[in-house]
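**Q**
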Amino acid sequence: MAQTELSAPVIQALQDLTILFGAPLVSGVISHVEGRIQGRRGPRILQPYYDLAKLFRKETVVPEGSSWVFLVGPIIAFSCYLVVPLLIPVLTTYGLPLGYMGDILGGGFILALAGFSVAIAGTESNAPYAQLGASRAMTFGALIEPTILFVVFAVGIITATDLPYALAATVRSSSSEIVRPAHILAAVAFFLVVLADTGRIPVETHSGTLEFGMIDEGRTLEHSGAPFALLKWGSAMKQLILYTILIDVFVAPWGLAANQRPVSVALAIPALLGKAMVVGCIFAVIDNSFSKLRLFKITEFLAAAFLLAVLAVLVFYLGGG
Amino acid sequence: MPNAAPSTFTGAADVIAVLVLLTEFAMLRAPLLRSQVRLYAFQSLVVTSLAIVVAATRHVDELYVLAALSFILKVVIVPRIVLRLLSRAEVSLAGSSAFGVATMTMIAIAVSIFAFFSIGALHLQSTALPSAALAISVAVVLVAFVLIILRSDVVSQAIGFFSLENGVSVASLVVASGLPLIVDVAFLFDLLVAVVVFGVLMRVHHGRTKTLSTDSLDRLKG
Amino acid sequence: MNHALLAIVIIPAIATIATWWTPVAISKVITICSGIAVFALALALIPSATTHGYLAAGPAFRADALSIVFLVPTTFLYATTSIFAAGYLHLPAGDAGRRYARRFYAGLNIFCWSMAVAPLVNGLALLWVAIEVTTVVSALLVAIDDTDGAIEAAWKYILLASLGLGIALLATIFMYYAGTKVFGSSYDLSYGKLLSGAHGFPKEIVRLADVLAVLGFGTKMGLVPVHTWLPDAHSEAPTPISALLSGALLAMSFYAILRFFQVSVRCLGPTFPRNVLLIFGLASLALAALYLLSQRDLKRLLAYSSVEHMGILAIGMSFAAPLAIVGVLLHVIAHAAAKGTAFFGAGSVVRKFKTKDMARIRGGVGLLPWSGPMLVLAVLALSAMPPFGIFRSEFLIVAGGLSDPHDVLAAVLVVLVTVAFFGLSWFTTQTMLTPVPEREGLGLERGETSRLIVVAMAVGLVGLVVLGVHVPGQLSDLLHDAATQLEAVR
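Protein chains in written order, with my numbering: chain Y, 20 to 340; chain V, 146 to 367; chain Z, 712 to 1201.
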């Protein structure tokens, strides 16, 4: 068999494309599973694709008084979401050329930029619910930042670098690494961060639009047409990106391509999407098991996540755990 | 940078100690007194499992006896006594404290950091000693203090004290596993007697004031 | 196998069991006999302790000079308090009275048993267990009167004291861990072993253990800032129990601190342990002296005086001269006698005037022909007037302090003690020496409420005079022996 190898830029592009086209699929699976758990038939698994297609065909309506920011925001966010997959281990165990553009902290910054531009676009619309959602999102985002930082620190001190590839390699190296207290704590802390960032129970109801509890959903309320499609796609991509970081860096970094052969890369794609769907199902189960926290109690939730992240750093730093 | 994964004993002790600390934090948050008691029972169970781990890896057979005794006492008897008091008192909510849960968690985190750094400053050198577990047990003690200081009802304060004893037990299992069994049994017996006295006083307090709150305990001043 | 030692351990236990079942009159007699017997045995141990170095009864019990120094005041108070209680207790009639008496006397006996056993056990671990038992028993006794104040005081006491003992347990564990470097991972914490290996212990850990021990046992001793339970518990408990709490239990906790001090000095040298005690001692003395100036409640006043004297003990230990340490040990004995007598007098006053509020007590000397003046004398003794024992002990402490390089501390001690004296003497003149207001009078007639109270107070005062005028030779040898033990390697 011919040992053709894919060149690195191709693999890098494949990473992006996987995230781009796999994200709605993962979203669809999650909604479907959630519906099934609730005893309904659930929407089609491919429904998000149809939704996006429909939205791109619709006309864009812009509120009075808003400026170009309203239309540019979604585009900026979308581009950010296209950039981040270049930096994190999506399909491969080795670093790809553009992957050294930024470390995990850089990836975090870019994600924050995306969230910022969506929020700004929402504020621009002058509509009360959008502004409400935007301000709440920014507040809770600021409260999550320290936790994310400490998780990054935990990753950093365990591997002495802050490249996500390195941590994945460490975790793969032996099974005792997985049960290190610092690793478990950091993983759980990051799990809670993902839960908060993707707007799931107990922080926010993902489906439906309850104004009292809207955080992320509220920001996009006034958009329509193609920008709205970009926003929805972007948010699905952000979800998949966060899942990818959780899976490929912390929890289950197996199944990634170790070389550049097309077969391994081709296998890595369904492996990733499969694992993401499993994580999504876990989130769906959590969605149906707990109730949403009242807004002022979300700080307790974030404090718990912060606690776990701090403990991860301390236990490692001071105990060799 | 220490990169090697810790030995089995150290790793297991560390994970268990972290669980004990997390349970302590959960007690800070628990709004119902029943949940606090159950968290204490769970914490005692975790400590018992640590005793079994230490007994197995360090080949100290006496600790199996100790584990059995502490299971009976701390997981079964003490929670029973307190739950019976609660059902008689018909009070279910913990007394509110001056701070919200998030603030108390922050204070407790700060206190744990202090504990970690002070034990770290001791530069305990041996590789056979899991100093993370020791630091965590001191953190449990200090967070129990925070719990006692900030909560304003007798049951929360009593559970806080019992969980403090759990923290000290973790410390003793980690560094003093060779302490003669008779001494460990004496400690447990002491705890039992202390629990009985706490129970008596709680019941008397409830009998007089019909609440479990310590707000009325402010007559004696100066 | 020393039989006197065993007897001291067994007799109060038998008394406890006996007084639970017998009627009140017999319980009183049993308790008094037990107290006197145990005190006599303790006195009998003095000569043997100095000649033999230490006495043993099985692996669990060991009495050296330091133990006997602390055993003597405890047993003395056991004897005199049982006499006082026999005269002081006014029991309600019928079943309630019988139940109270049973609980009180059995509680008194088991409390004194636990306090007699504590200095006799061998090892830091058993010492912790003994002190925990004293805490638990005394908490029940504080609550025995079942008033609002008593329950509040008992709750604060048991919570804070148990917290302190939790810290002390952590200290014991750390000390054990320090010892594993020398003795391997399994050994008992007996004193002989610890002292023999102490110079090899890792210093950082012993430092931590010492601080935690002072903090933990200091909670039970009444050192500031962890003393907050003390004024409440000592004022709300029944007066005989208050006497025992102030005179004996605080000293027992000090004994525990001294055992840790012994080991720490041998490992770290004298400077660090002394500084730790100095800080807490100064804080206690200063705060107590200030609080003494503003008290209204009679027993609370005496409780703050206890805090003051515990501060003096701690400061005294921090002076380098052996003279000061002899003074500290003598002070433990003298304070027990003085505080006991003072509380007995306070009990007599409360019985007569039916209130603890000093604003409503006037003309004590006139209305209580014996216990009134004796109370005045006891308070003067507490303020270190000659010819009482506390004068001698504080003199020794200050003299030792002046020969210390930091002699300014001795001066500070004298100043603070003078402030405390103002507080106490204000009380004395107010309640005892001010004549009854002519017009209203207080509706009370002159006369003692019980002769036994007078007897108990008289015994205490005689003891104080003996200690002040001429310390008996064997006792003096004992004190010097104990002081040598505390100075470690000389």
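Note that the Cβ used here is the ideal one computed from N, Cα and C, for glycine as well. Everything numeric in this text was worked out from a predicted model, so none of it was measured.
Quick one: measure Cβ to Cβ for Ile1036 of chain Z and Glu1159 of chain Z, integer angstroms, because I've assumed they're closer than 8 Å.
**A** Not confirmed; about 40 Å, so no contact.
**Q** What does the alpha-carbon distance come out to for the pair Pro722 of chain Z and Val236 of chain V?
**A** At residue 722 of chain Z the sequence reads Ile, which differs from the Pro that was named. Looking at the two C-alpha atoms, the distance is approximately 45 Å.
**Q** Need the endpoints of the alpha helix (DSSP H) that Ala213 of chain V sits in, please.
**A** Start and end: Glu207 to Ser215.
**Q** Quick one: residues in its chain with C-beta nearer than 7 Å to the C-beta of Ala158 of chain V, no 5 flanking neighbours on either side, listed in chain order?
**A** Closer than 7 Å at Cβ, skipping near neighbours: Leu195, Val198, Pro275, Ala278 and Val319.
**Q** Between the Cα of Ala289 of chain V and the Cα atoms of V:Ile161, V:Gln181, V:Gly156 and V:Thr155, which residue gives the shortest distance?
**A** Comparing Cα positions, the closest option is V:Gln181.
**Q** Evaluate contact between the region 237-252 of chain V and the region 208-216 of chain V, counting only Cβ atoms and requiring at least three cross-stretch pairs below 8 Å.
**A** No contact exists between the region 237-252 of chain V and the region 208-216 of chain V.
**Q** Helix, strand or coil, according to DSSP, for Arg348 of chain V in the structure here?
**A** Three-state result, Arg348 of chain V: helix.
**Q** Would you report the Cα separation of Val1200 of chain Z and Val976 of chain Z, rounded to the nearest angstrom?
**A** Confidence at Val1200 of chain Z is low in this model, with a pLDDT of 40, below 50, so the placement of that residue should be treated as unreliable; the coordinate-derived value is given next. Their Cα atoms are separated by approximately 8 Å.
**Q** Which residues, taken in chain order from the region 911-926 of chain Z, show a beta carbon closer than 8 Å to some beta carbon of chain V?
**A** Correct list: Glu915, Ile916 and Leu919.
**Q** So, for Arg707 of chain Z: in the same chain, excluding its five sequence neighbours on each side, which residues have a beta-carbon less than 6 Å away from its beta-carbon?
**A** Nothing about residue 707 of chain Z can be read from this structure; chain Z reaches only from 712 to 1201.
**Q** Helix, strand or coil, according to DSSP, for Leu357 of chain V in the structure here?
**A** Leu357 of chain V falls in the coil class under three-state DSSP.
**Q** Is there a C-beta anywhere in chain V that falls below 8 Å from the one on Ile1202 of chain Z?
**A** Residue 1202 of chain Z is absent from the structure shown; chain Z starts at 712 and stops at 1201.
**Q** Check whether the region 1004-1022 of chain Z touches the region 922-933 of chain Z, taking contact to mean three or more Cβ pairs, one atom from each stretch, closer than 8 Å.
**A** Enough Cβ pairs lie closer than 8 Å, so yes.
**Q** Residues of chain Y with CB under 9 Å from Ile254 of chain V, in chain order?
**A** Result: Ala322, Phe325, Leu326, Val329 and Leu330.
**Q** What does DSSP give as the partner residues of Asp298 of chain V in its beta bridges?
**A** DSSP, once it has assigned bridges, lists V:Ser358 as partnering Asp298 of chain V.
**Q** Return the chain-ordered list of same chain residues with a C-beta closer than 6 Å to the C-beta of Met347 of chain V, the five sequence neighbours on each side being excluded.
**A** Leu230 and Val299, listed in sequence order.
**Q** Are the CB atoms of Gly958 of chain Z and Leu788 of chain Z within a distance shorter than 8 Å?
**A** Taking 8 Å as the Cβ cut-off, Leu788 of chain Z and Gly958 of chain Z qualify as a contacting pair.
**Q** Excluding the 5 residues flanking Ser1114 of chain Z on each side, which residues of the same chain have their C-beta closer than 7 Å to its C-beta?
**A** Counting only Cβ-Cβ distances below 7 Å, and skipping sequence neighbours, we find Ala1032.
**Q** Expressed to the nearest angstrom, what Euclidean distance is found between the alpha-carbon atoms of Trp940 of chain Z and Ile1044 of chain Z?
**A** Rounded to whole angstroms, Trp940 of chain Z to Ile1044 of chain Z spans 24 Å at the Cα level.
**Q** Mind checking if Thr318 of chain Y is an interface residue toward chain V, Cβ cutoff 8 Å exclusive?
**A** It does; some Cβ of chain V falls within 8 Å.
**Q** List the residues of chain Y that Met251 of chain V touches, going by C-beta distances under 7 Å, in chain order.
**A** Within chain Y, the residues near Met251 of chain V are Ala322.
**Q** Between the region 197-227 of chain Y and chain V, which residues of the former have CB atoms less than 8 Å from a CB of the latter, in chain order?
**A** Against chain V - using a Cβ distance shorter than 8 Å - the residues of the region 197-227 of chain Y are Val198, Arg199, Pro200, Ile203 and Leu204.
**Q** Whose Cβ in chain V lies nearer than 7 Å to the Cβ of Trp866 of chain Z?
**A** Within 7 Å Cβ-Cβ: Val299, Leu346, His350 and Leu362.
**Q** Would you tell me roughly how many angstroms separate the C-alpha atoms of Asp899 of chain Z and Ser1161 of chain Z, rounded to the nearest one?
**A** Roughly 49 Å between the two C-alpha positions.
**Q** Can you find the residues in the same chain that come closer than 7 Å, C-beta to C-beta, to Asp206 of chain V, ignoring five residues on each side of it along the sequence?
**A** Around Asp206 of chain V: Ala200.
**Q** If the cut-off is 7 Å on Cβ atoms, which residues from the region 868-882 of chain Z count as contacting chain V, listed in chain order?
**A** Against chain V - using a Cβ distance shorter than 7 Å - the residues of the region 868-882 of chain Z are Ile869, Leu870, Ser873, Leu874, Gly877, Leu880 and Leu881.
**Q** Does DSSP put Tyr898 of chain Z in a helix, in a strand, or in coil?
**A** Of the three classes helix, strand and coil, the one that applies to Tyr898 of chain Z here is coil, per DSSP.
**Q** How is Phe772 of chain Z classed by DSSP in three states: helix, strand or coil?
**A** Strand.
**Q** At 3 residues or longer, what runs of the beta strand (DSSP E) sit wholly inside the region 736-774 of chain Z?
**A** Correct list: 765-768.
**Q** Of all the residues that make up the region 938-961 of chain Z, which are near chain V by a beta-carbon distance shorter than 8 Å?
**A** From the region 938-961 of chain Z, only Pro942, Asp943, Ser946 and Glu947 have a Cβ closer than 8 Å to chain V.
**Q** Which whole-angstrom value is the C-beta distance of Gln1185 of chain Z and Thr761 of chain Z, which I expect to be below 8 Å?
**A** Confirmed, about 7 Å.
**Q** Which residue's Cα is closest to the Cα of Ala338 of chain V: Z:Val853, Z:Val844, Z:Phe894 and Z:Ala767?
**A** Here residue 338 of chain V is Val; the residue named in the question, Ala, does not match the sequence. Closest option to Val338 of chain V, Cα to Cα, is Z:Val844.
**Q** Using alpha carbons as the reference points, say which of Z:Val740, Z:Val1125 and Z:Leu716 lies closest to Ala790 of chain Z.
**A** If we check each option's Cα against that of Ala790 of chain Z, Z:Val740 comes out closest.
**Q** Give me, in chain order, the residues of the same chain whose beta-carbon lies closer than 8 Å to that of Lys311 of chain Y; leave out the 5 immediate sequence neighbours on both sides.
**A** The answer, listed in chain order, is Ile220, Pro221, Val222, Glu223, Thr224 and Gly232.
**Q** What's the gap between the Cα of Asn795 of chain Z and the Cα of Ala755 of chain Z?
**A** Per the sequence presented here, residue 795 of chain Z reads as Phe, with Asn not at that position. Roughly 24 Å separates the two Cα atoms.
**Q** Could you check whether the Cβ of Val987 of chain Z sits closer than 8 Å to any Cβ belonging to chain V?
**A** Taking Cβ atoms only, chain V never reaches closer than 8 Å to Val987 of chain Z, which makes this a no.
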